[in-house]
Amino acid sequence: MAAGALLLLGSGAQGQKRSLAMLDQLEPGSWELREHGESSVTRNLCIGNGRQLIQLRHQGIPCRAVVVEDTANEVVVQYTCRGQGYGRTRVRRETNGLIQIDSQGIVSGLPFVVTAEGRRTGSCRN
2 MAAGALLLLG SGAQGQKRSL AMLDQLEPGS WELREHGESS VTRNLCIGNG RQLIQLRHQG
62 IPCRAVVVED TANEVVVQYT CRGQGYGRTR VRRETNGLIQ IDSQGIVSGL PFVVTAEGRR
122 TGSCRN
């Protein structure tokens, strides 16, 4: 593992890419993210690739990222979205359809913290 390699996330991004193979092995489709804690917010996402889970609060924004950890069952990525904020996300795989996510950072000038369990619930609906 070569820590510190750069990767760009988001559409049209170019740059050196790290493996992040664990995220590529997650099953695409509809995922339910159930946040832990008092609020217990549940969100449904349609993902085509597990890499979309890295930027939960900065989706669709091209960001510069550093892969901090990249193992068979866990990845940690720190990212900065110029003028939009930044974050650090940890995704731990239990199975290819069940994950744990911890993410925190700044979006729109305000801090965020997300601790959630993600479960694949089937195919995406149109």
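Here the sequence shown is numbered in the working numbering, starting from 2 and rising by one per residue.
Even glycine gets a Cβ: it sits at the ideal position worked out from N, Cα and C.
Note that the structure is predicted; figures quoted are calculated from it, not measured.
Annotated as distal: residue 104 and residue 119, with beta-carbon spacing of 7 Å or more. Contact check for residue 121 against residue 30 passes: the beta carbons are separated by less than 7 Å.
Residue 57 sits away from residue 114, with the two beta carbons spaced by 7 Å or more. The residue among 82, 77, 99 and 90 with its C-alpha nearest the C-alpha of residue 64 is 82. Taking C-beta atoms as the reference points, residue 94 and residue 100 count as a pair closer than 7 Å. The residues 116, 117 and 118, in chain order, have a CB closer than 8 Å to that of residue 37 in the same chain once the five nearest residues on each side in sequence are set aside.
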